[in-house]
Amino acid sequence: MTELNKRVYGIIGIGSKMANWNADFSGFPKSLSSGEIFGSDKALKYTMKKKWSEQGEKVIYIKSYIIDNKGNLIPRTLKERYEQVFDTEIKSGESEKILTNLFSATDVKNFGATFAEKGNNISITGAVQISQGMNKYEDSRALDQQILSPFRDPNAKEKSKSGEDAQNSTLGNKIVSDEAHYFYSFVINPKAYDDYKKLGVTEGYSEKDYEKFKLAAIDSATSYATNAKEGANNEFSMFVETKLDTYLPSLANYIEFEKNFEENLKDKIIFTGKSIIEERNDIEKIQIYYDNEKIDLVDFPDNIEIYNIYTREKIEA
1 MTELNKRVYG
11 IIGIGSKMAN
21 WNADFSGFPK
31 SLSSGEIFGS
41 DKALKYTMKK
51 KWSEQGEKVI
61 YIKSYIIDNK
71 GNLIPRTLKE
81 RYEQVFDTEI
91 KSGESEKILT
101 NLFSATDVKN
111 FGATFAEKGN
121 NISITGAVQI
131 SQGMNKYEDS
141 RALDQQILSP
151 FRDPNAKEKS
161 KSGEDAQNST
171 LGNKIVSDEA
181 HYFYSFVINP
191 KAYDDYKKLG
201 VTEGYSEKDY
211 EKFKLAAIDS
221 ATSYATNAKE
231 GANNEFSMFV
241 ETKLDTYLPS
251 LANYIEFEKN
261 FEENLKDKII
271 FTGKSIIEER
281 NDIEKIQIYY
291 DNEKIDLVDF
301 PDNIEIYNIY
311 TREKIEA
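FYI, the numbering for the sequence shown is 1 to 317, going by UniProt numbering.
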C-alpha cells in the first residue's frame, strides 16, 4: 500500500435542473433563513456511498433493511449493519478488532465514523472533510407540481358527499428547483489517521483511497438516479494537490456562477481566488473536470489540467 503523501483541496459542483438535490422536511430545497439554497454534505456523501456500495465496496453508514419477526420492513440498527457487512458478532472489549474492521470500509476510510455498541465507544475523524454546498445561482426557484395518483385513497371522504368513500384518484405533489448549482469545498488530510496507524488498526489513507474518492467526486451524483434527483449531475470537480504542510481556505467560497440565457452560449463558472493558488511552489498539481459542452471556465489558473467530466478525456487548451 502506498500512503497518500500530500494534502488535497478542491471543489465539487452539482448542477440540478428540474430536480430536488437536497430537500428539507417540508419537501422544498434546503435553504437558510435568508432564503439562500444549499445542499448538505450528507446529500453528496450519500451518492458516493451508494456508488461504492454498488461497486462491491464495504459501506457501513448507509440505510439497509430487514424483515422483522412481525413481517415488517424496518431499517437495520448500526449493530445489525456492522454484523451484516463483516459477518461477525459485536462483543464488548473488542475495540481493536472493530477499529480494524471499520477502517476496511470505504466510507469510514474517507469520512470517519462514530460507533457506540456493546461498550465499544469509537470516534474517528475522517481524512476527508466536505463543506455544505451553497447554490451559486441567484435566480433559483422552487416549483410545486401536482401529480395524479392512479389509486384512490380509501381513508379519504368525498368533500361533496360527507361520509362516503372517495371515488376519485388522489393528488400528490413533487417539488423541484427549476435550476440550481451547488458548490462544495473539500479537503483531504492523510495525516488524520496517524494515531490509528500507531495502534496497528490501519495503514493510513492511501493513494488508492484517494482514487476511489476522486472517481466518486467526479460522477457519483450523475450515476445516482431517483425520481427526485434525476436531473442532478456532477458538472464540475477541482482537485488541488499540495504538500502536506500546505493550508488553503475553502475554495468553493471563491466560485461564482453566471447564467447565459442566449442560445448556443455557455454558462460561466468564475474563480475569484486565482492569486491564492497560482505560481506557488507548494502546489504540485491542479486538475479540473467539467462539462465543457455547457460551461466556460473564467479566471482559473493557467497551469491546470482540464478534462471532460463525463468522458474523462483530457481537453487540450
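A virtual CB, placed ideally from N, CA and C, is assigned to each residue, including glycine.
Residue pairing of Leu297 in beta bridges, as defined by DSSP: Ile269. Runs of the alpha helix (DSSP H) lying entirely within the segment 223-286, each at least 4 residues long, are 274-277 in chain order. The alpha-carbon separation between Met48 and Asn253 amounts to approximately 22 Å.
The way I'd put it, the segment 256-266 doesn't touch the segment 231-246; fewer than three beta-carbon pairs between them come closer than 8 Å. In this structure, the beta-carbon distance from Ala232 to Ile62 does not fall below 8 Å. Contact check between the segment 3-18 and the segment 112-124: fewer than three CB pairs, one atom from each, fall below 8 Å, which does not count as touching.
In the three-state scheme derived from DSSP, where H, G and I count as helix and E and B as strand, Met1 is classed as coil. The alpha-carbon separation between Ala180 and Tyr137 amounts to approximately 6 Å.
In the DSSP annotation of this structure, Ala23 is not part of any beta strand (DSSP E), being labelled neither H nor E. In the three-state reduction of the DSSP assignment, Thr125 falls in the strand class. Approximately 6 Å separates the beta-carbon atoms of Glu96 and Val201; this is inside 8 Å, confirming the contact. Counting only runs of 3+ residues, the beta strand (DSSP E) found wholly inside the segment 7-72 occupies 7-19, 65-67, in chain order.
Linking Thr311 to Phe257 through their CA atoms gives a straight-line distance of about 23 Å.
A straight line joining the alpha-carbon of Val298 with that of Ser123 spans about 41 Å.
Per DSSP, Gln145 is one residue of the beta strand (DSSP E) stretching across 142-152. Secondary structure of Ile90 (DSSP, three-state): coil.
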